[in-house]
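Top line first, the protein sequences correspond to chains P and H. Heads up, the first sequence is in the working numbering, so the first residue is 1 and it goes up one at a time. Heads up, the second sequence is in the working numbering, so the first residue is 1001 and it goes up one at a time. Ideal Cβ placement from N, Cα and C applies to all residues, glycine included. From a predicted model like this one, the values you see are computed outputs, not experimental measurements. Before any comments, here is the structure.
2 protein chains.
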Amino acid sequence: LAITVALDAMGGDHGLAVTVPAGLAALARRPDLRLILVGPGDRLRAALREHGGAEGPRLEVHHASQVVAMDEPPAQALRGKKDSSMRVAINLVKEGVAQACVSAGNTGALMATARFVLKTVPGIDRPAIVTTWPTMKEPVHVLDLGANVDCTPEQLLQFGIMGAILVRALEGKPEPKVALLNIGVEDIKGNTTIKQAAELMRASRLNYQGYIEGNEIYGGNVDVVVCDGFVGNVALKTSEGLAQMIVHHMKQEFSRNLYTRLAALVAMPVMRAFRRRLDHRRYNGATLVGLRGTVIKSHGSADVTAFGYAIRVAVEEVENQLPAHIARELQPMLAGA
Amino acid sequence: LAITVALDAMGGDHGLAVTVPAGLAALARRPDLRLILVGPGDRLRAALREHGGAEGPRLEVHHASQVVAMDEPPAQALRGKKDSSMRVAINLVKEGVAQACVSAGNTGALMATARFVLKTVPGIDRPAIVTTWPTMKEPVHVLDLGANVDCTPEQLLQFGIMGAILVRALEGKPEPKVALLNIGVEDIKGNTTIKQAAELMRASRLNYQGYIEGNEIYGGNVDVVVCDGFVGNVALKTSEGLAQMIVHHMKQEFSRNLYTRLAALVAMPVMRAFRRRLDHRRYNGATLVGLRGTVIKSHGSADVTAFGYAIRVAVEEVENQLPAHIARELQPMLAGA
């Protein structure tokens, strides 16, 4: 039973230089994986040769003549780039040729194109972006991370339900704990949208845990954290920025003088183990959940390792039949709400 | 020329056990400082004796019979606790007896009481909570951090102007760089409120730098970051949570085996210097900006060191005549907008 994943080979800051070697590494890791690399045929074949790969039964090159630029307005990409590597990769999912696609391209264009081509699952107004974050305990799934800047209470409920189904499908937890991100845990905190979303969640079949504050995202006591895309995006990027700043200051302290440089040498294996544990590349690969098809967004700046993790997310969701879970479990959950 | 600061001695998770020793330490540090400790007279005097302090020309005990609970609804505190240590400390500012007050109490109650007693500065709809964050370079000032869950574009502009005046007054920078927090740097990103706020800022006398994303808060390339209170609060608390998680995982890695424990010993001076640099206690003390009077909010869980930093913020703002700066510079800035 093969899993077929289409890769937008041109997406991201590094394009072929990352997607091709990451694809070849994924094929080496997973004997049941088939990849379709989508992009300009000649450039793709050249990149394959460069990285010691070749077309074959498990590796197909699918030509697409256009590329969506990283800063291109989504509407323009949608109208003007009908043969882009991104669009064609999504088309392959729509046609059932691939079970999932992965792109490190322009998030807005990917979301707009995926919505246009694949459509949302019945009962879902808009798809959301969800990814796993490390915590003090098990990873947590946070959504939405930027697809929807303004959300209705009903949409936040839908995000909670999709998050719960995703955790159930991927991790086998029967009753994932769902919390709503707010600026306090008391009932009076937050705006009207949050309060109404809390009421909807409380009345739903979700295992709803109430409000949590930003710091508790990293506590690891819930499985799903729901917020609107503006707040989720700020929380995610603020975390990235803080982590970078911590590394920056730590490097400065460890390079201060001879003693600190020696201490750095002694501490290096520990620091390396520590960084491996929280390596953001291991958390690369966000799911565009709520679509009739599996679309995974990689960070635009992903390197080969990070893009490999995004492919892994696609494979896991296909393996665990996430779309079938959503098709089966969404309506009863929405009806119970 | 003495600076007089009123302390809500009962506020915070630890009350007198923190506020009294922190107050005594501040008096020892600053010979020109006078403190008024506000709370139940007998308990306050007992705490003073316990910590080796005594009333005198630089240390006054001001009786207040009530205490606002940390989880008390703001409206209830406002109506029912007219003789609370929090309210009386704010009254002392209103009456000109103290130039500033500091409280580690209930944020909602502090904001509501301060607004009710002191009123906002003309031209400011609602006060905001602002504090300094560490970055890769100079600290940045972020507002609002939770006073206003929903903001109009005009309010966001007011936050930007108040932030700029604050940085000018406290740091002497003539043209503080002001940025608007968004989920992308392109013009099309964000919701209507953000886009309209950007237009207002662009047309104002602010040194407006455009949008920044969450990660750039920590880059240190701007002086003021403006956002609504919901987003700011989530960004702040998410940062706190991430920092705690990083410390948690690092401790685990350093206590894994004999080698890592030895490495921890060797690296300890470096780690200590590193932690001192980013010690969140050094960033304690948020300003309720936009009021006719200086009110500083300490973190509820602040220890003696952290509460001392909140007192220091109050002293700095009095020394640099922040209220006079706001009175003088606000109207021309608002008019120029």
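Minimum Cβ-Cβ distance from residue i to chain P less than 9 Å
| i | result |
| --- | --- |
| P1127 of chain H | no |
| E1216 of chain H | yes |
| N1256 of chain H | Inspection of the sequence shows that residue 1256 of chain H is occupied by Arg rather than by Asn. Yes, because at least one Cβ of chain P sits closer than 9 Å to the Cβ of R1256 of chain H. |
| A1002 of chain H | no |
| A1267 of chain H | yes |
| H1249 of chain H | yes |
| I1326 of chain H | no |
| Q1244 of chain H | yes |
| T1260 of chain H | yes |
| D1303 of chain H | no |
| T1135 of chain H | yes |
| N1320 of chain H | no |
| E1253 of chain H | yes |
| V1068 of chain H | no |
| E1050 of chain H | no |
| E1316 of chain H | no |
| E1186 of chain H | yes |
Residue closest to residue i, alpha-carbon to alpha-carbon, out of the options
| i | options | result |
| --- | --- | --- |
| A2 of chain P | P:P122, P:A22, P:G23 and P:R58 | P:R58 |
| V338 of chain P | P:L236, P:N91 and P:S298 | Within the shown structure, residues of chain P are numbered from 1 to 337, placing residue 338 of chain P beyond reach of any answer. |
| A9 of chain P | P:T192, P:T152, P:A267 and P:A302 | P:A302 |
| G1300 of chain H | H:R1281, H:V1149, H:I1326 and H:Q1155 | H:R1281 |
| I246 of chain P | H:R1277, H:I1129 and H:F1230 | H:R1277 |
| L1027 of chain H | H:L1044, H:A1017 and H:T1004 | H:T1004 |
| L1078 of chain H | H:A1112, H:R1168, H:M1162 and H:K1297 | H:A1112 |
| G308 of chain P | P:A6, P:G23 and P:G11 | P:G23 |
| T332 of chain P | P:V226, P:E319, P:P269 and P:M162 | The residue you asked about is not Thr; residue 332 of chain P is Pro in the sequence shown. It is P:M162. |
| P1073 of chain H | P:G53, P:D187 and P:P74 | P:D187 |
| R1292 of chain H | H:V1061, H:Q1099, H:P1134 and H:R1043 | H:Q1099 |
| P176 of chain P | P:R275, P:N207, P:A128 and P:R328 | P:N207 |
| L1110 of chain H | H:K1189, H:E1319, H:G1011 and H:Q1252 | H:G1011 |
| Y283 of chain P | P:G190, P:A6 and P:P134 | P:P134 |
| A1128 of chain H | H:M1070, H:K1189 and H:C1227 | H:C1227 |
| F230 of chain P | P:V295, P:R312, P:T287 and P:V142 | P:V142 |
| G153 of chain P | P:S255, P:L200 and P:E316 | Rather than Gly, the amino acid found at residue 153 of chain P in this sequence is Pro. Among P:S255, P:L200 and P:E316, the Cα nearest to that of P153 of chain P is on P:L200. |
| D1144 of chain H | H:Y1259, H:L1156 and H:L1037 | H:L1156 |
| R1043 of chain H | H:P1031, H:G1052, H:H1063 and H:A1025 | H:H1063 |
| D150 of chain P | H:N1191, H:A1147, H:G1056 and H:N1221 | H:N1191 |
Element boundaries [alpha helix (DSSP H), containing residue i]
| i | result |
| --- | --- |
| I194 of chain P | T192 to A203 |
| T305 of chain P | V304 to E319 |
| A1286 of chain H | A1286 of chain H -> not in any alpha helix (DSSP H); beta strand (DSSP E) instead, spanning A1286 to V1289. |
| A1179 of chain H | It is not in any alpha helix (DSSP H) - A1179 of chain H instead sits in the beta strand (DSSP E) that spans K1177 to L1181. |
| G1023 of chain H | L1016 to R1029 |
| V1266 of chain H | L1258 to L1278 |
Chain H within 9 Å of residue i, Cβ atoms only
| i | result |
| --- | --- |
| E138 of chain P | no |
| L236 of chain P | yes |
| F230 of chain P | yes |
| P270 of chain P | Contrary to the premise, residue 270 of chain P reads as Val rather than Pro in this sequence. Judged by the 9 Å Cβ criterion, V270 of chain P is in contact with chain H. |
| G190 of chain P | yes |
| P153 of chain P | no |
| R115 of chain P | no |
| S103 of chain P | no |
| S239 of chain P | yes |
| G146 of chain P | yes |
| I161 of chain P | no |
| A17 of chain P | no |
| L180 of chain P | no |
| A263 of chain P | yes |
| D13 of chain P | no |
| V149 of chain P | yes |
N- and C-terminal bounds of the beta strand (DSSP E) containing residue i
| i | result |
| --- | --- |
| L170 of chain P | Run containing L170 of chain P: none in the beta strand (DSSP E); it sits in the alpha helix (DSSP H), P153 to E171. |
| A1235 of chain H | Looking at the DSSP string, A1235 of chain H is not in any beta strand (DSSP E); the run it does join, the alpha helix (DSSP H), is G1229 to F1254. |
| T1135 of chain H | Element bounds for T1135 of chain H: n/a, residue is neither H nor E. |
| G1210 of chain H | N1207 to I1212 |
| V1226 of chain H | V1224 to V1226 |
| A1006 of chain H | I1003 to D1008 |
| V1343 of chain H | Chain H is shown from 1001 up to 1337; residue 1343 of chain H falls before or after that span and cannot be answered. |
| V1295 of chain H | T1294 to K1297 |
Whole beta strand (DSSP E) runs in the segment 1039-1121 of chain H with 3 or more residues, listed along the chain?
1059-1063 and 1100-1103
For the segment 71-94 of chain P, which residues have a beta carbon sitting closer than 8 Å to at least one beta carbon of chain H?
D71 and P73
Listed in chain order, which residues of the segment 197-226 of chain P have Cβ atoms closer than 9 Å to some Cβ of chain H?
E213, G214, N215, E216, I217, Y218, G219 and G220
Report the residues of the segment 268-299 of chain P with a CB closer than 7 Å to any CB of chain H, ordered along the chain.
V270, A273, F274, R277 and L278
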